[in-house]
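Counting from 594, one number per residue, gives the positions in the sequence shown under the numbering used here.
Think of the CB as a built atom: it goes at the ideal place given N, C-alpha and C, for glycine as much as any other residue.
Please read the structure below before turning to the comments.
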Amino acid sequence: MTRSDELFEQAKKTIPGGVNSPVRAFSGVGGSPRFIEKADGAYIFDADGKKYIDYVGSWGPMILGHNHPKIREAVLKAVENGLSFGAPTELEVTMAEKVIEMVPSMEQVRMVSSGTEATMSAIRLARGFTNRDKILKFEGCYHGHADCLLVKAGSGALTLGQPSSPGIPEDFAKHTLTATYNDLDSVKAIFEQYPEEISCIIIEPVAGNMNCIPPIDGFLQGLRAICDQYGALMIIDEVMTGFRVSKSGAQGHYGVTPDLTTLGKVIGGGMPVGAFGGRKDVMQFIAPTGPVYQAGTLSGNPIAMSAGLAQMEALCEEGVYEQLAAKTQYIAEGFKAAANKHGIPMAINYVGGMFGFFFTSEETVTNFAQVTKCDTALFAEFYHMMLDEGVYLAPSAYEAGFLSLAHGEAELEATLAAADRVFAKLAK
Ligand code: PLP
């Protein structure tokens, strides 16, 4: 028994399933999770002292690599002044200005402590602003675990085979309408049915919770036009894509302007941070200026703001996103080439610093139905063999992979060499 196995058994006695977030339990691939002791650069180290090249990056935040000196120093400096004040700070003003500079559609921004809080608050705001109850989301997209958003959601819920969760009253879920990703006609049909009842569309601009599915040409622009036609707000959920797909997020990459944007992960540099923001007239509807209530005891926490700001400043340096995109393309194309070399069919998607690979003979994967037909048993086998090789991928066929700037040539080459050995064994 490894130390990770021992810790998992011990954890299950006091923590449901032994974990504080379901996907960490390895239910999607079987076996028991690695307990992590420390991380540095492109590597994480488990409780048995084994080192892995990490493509999870704490599920997205660690875009500079783990334990980056600039973030660590910013945090240590902030700690000296106290951990939390529950009163405004200059750091929050600097953070708001930085976010607005990087994502121009955000004219005002409110900080929260998680991606779930960001999307939940943005939806409440959209409902309050439009005075409409219904929302439209997409099958396979995950936006956190707020009641209205856990309807046919992906990520952990999907991995566990529970598209929606007990505990959510039908009376709540009925206000959530679900369309097909990359299918504008499915959206139009819903709006034709409820022309004056839909407050907003919420979308992952690159879906990262049903593996990695970029939008097809014109899809996001089409949603924008539908929102304008029916007076609904467009919420782009950039919790995963924000500051990862490009400096201005997926909205900058694809050239589409939402009314509201939600952020998380990268914005906190590894600390618990989220944010939502957008059009000033809409944001003014939030308390204390407006009637829609939203609050947070630890929102805008100085340590979290310091970590996030240090990371965002580093991301504004010249050439960062070109580098990240080149590394991502290299690893995704490399996986496909290695699989194909051994006669294993594979499709890939990648954009900016995120990627996905699919065990399927389809050439392209553009929606959730296709993702669910991929060979998850083969993925699980591949997953564990890569883990043995010292490569830590997301433990689910429904999650995107993440690159960091700390992944250098040595790590990328070692990963592809490991993949080549694993595919050779799987092909036998
Ligand atoms: N939105 C998206 C697109 C996400 O990927 C996630 C989490 O993975 C969330 C929202 C929820 O964020 P959090 O887990 O910080 O609550």
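What number of angstroms, rounded off, separates the C-alpha of residue i from the C-alpha of residue j?
i     : j     : result
H659  : L816  : 36 angstroms
F951  : S989  : 11 angstroms
Q755  : G737  : In this prediction, Q755 has a pLDDT of 38, which is less than 50 and means its spatial position is unreliable; what the coordinates show is noted afterwards. Cα to Cα, Q755 sits roughly 14 angstroms from G737.
F731  : I783  : 12 angstroms
S779  : K631  : 45 angstroms
L996  : A800  : 16 angstroms
E910  : R725  : 42 angstroms
T769  : I728  : 5 angstroms
H846  : G653  : 18 angstroms
S748  : A987  : Because the pLDDT at S748 is just 40, under 50, the model does not fix this residue reliably, and the value given afterwards should be weighed accordingly. Their backbone Cα atoms lie some 11 angstroms apart in a straight line.
A1007 : G871  : 42 angstroms
T752  : V616  : Because the pLDDT of T752 is 37, which lies under 50, any placement of that residue in the model is unreliable, and the question is left without a value.
V672  : G650  : 24 angstroms
G634  : G936  : 33 angstroms
S839  : G945  : 6 angstroms
I879  : L718  : 7 angstroms
L998  : Y923  : 13 angstroms
V849  : L657  : 26 angstroms
G912  : A1003 : 20 angstroms
G824  : A818  : 10 angstroms
T607  : P851  : 43 angstroms
A1011 : K643  : 16 angstroms
A746  : Y991  : Caution is warranted here: a pLDDT of 41 is assigned to A746, below 50, making its placement in the model unreliable, and no coordinate value can be reported.
P895  : L684  : 7 angstroms
G949  : K781  : 29 angstroms
A750  : L917  : Low local confidence applies: a pLDDT of 42 at A750 is under 50, so the model's placement there is unreliable, with the coordinate-based value given in what follows. If you take the alpha carbons of A750 and L917, they lie about 29 angstroms apart.
How would you write the range of the alpha helix (DSSP H) that residue i sits in, first residue to last?
i     : result
I693  : E683 to M695
R1014 : E1002 to A1020
L729  : Not the alpha helix (DSSP H): L729 falls in the beta strand (DSSP E), residues K727 to F731.
R720  : G708 to T723
F928  : V913 to K934
A604  : R596 to T607
E974  : T969 to D981
K781  : L777 to Q786
Just to check my reading of the structure: residue i and residue j have Cβ atoms closer than 8 angstroms, yes? What is that Cβ distance to the nearest angstrom?
i    : j    : result
M827 : I794 : 5 angstroms
A907 : K663 : 6 angstroms
F628 : S597 : 5 angstroms
G708 : G867 : 5 angstroms
N802 : C734 : 6 angstroms
Y774 : F961 : 6 angstroms
Measure the CB-CB distance between residue i and residue j and report whether it falls below 8 angstroms.
i    : j     : result
P798 : P788  : no
V702 : S714  : no
T595 : D647  : no
M898 : F836  : no
M901 : M947  : First, the amino acid is wrong: residue 901 is Gly here, not Met. Not in contact: G901 and M947 (Cβ atoms no closer than 8 angstroms).
L853 : V885  : no
Y985 : I637  : yes
A711 : A903  : no
E955 : L1019 : no
T855 : F869  : yes
In terms of residue numbering, what span does the beta strand (DSSP E) encompassing residue i cover?
i    : result
I664 : Note, I664: premise wrong, no beta strand (DSSP E); alpha helix (DSSP H) at P662 to V672.
G949 : M947 to F951
C793 : I791 to I796
K631 : I629 to D633
L856 : L853 to L856
R872 : Neither: R872 is in no beta strand (DSSP E) and is coded neither H nor E.
I941 : A940 to V944
R703 : Q701 to V705
With 8 angstroms set as the bound, which would you pick, yes or no: does the beta-carbon of residue i sit closer than that to a beta-carbon of chain B?
i    : result
L891 : The structure shown contains no chain B, having only a single protein chain.
Are the stretch 693-701 and the stretch 857-866 in contact at 8 angstroms, needing three or more beta carbon pairs? no
Examine the Cβ distances between the stretch 965-980 and the stretch 911-930 and report whether three or more of them are shorter than 8 angstroms. no
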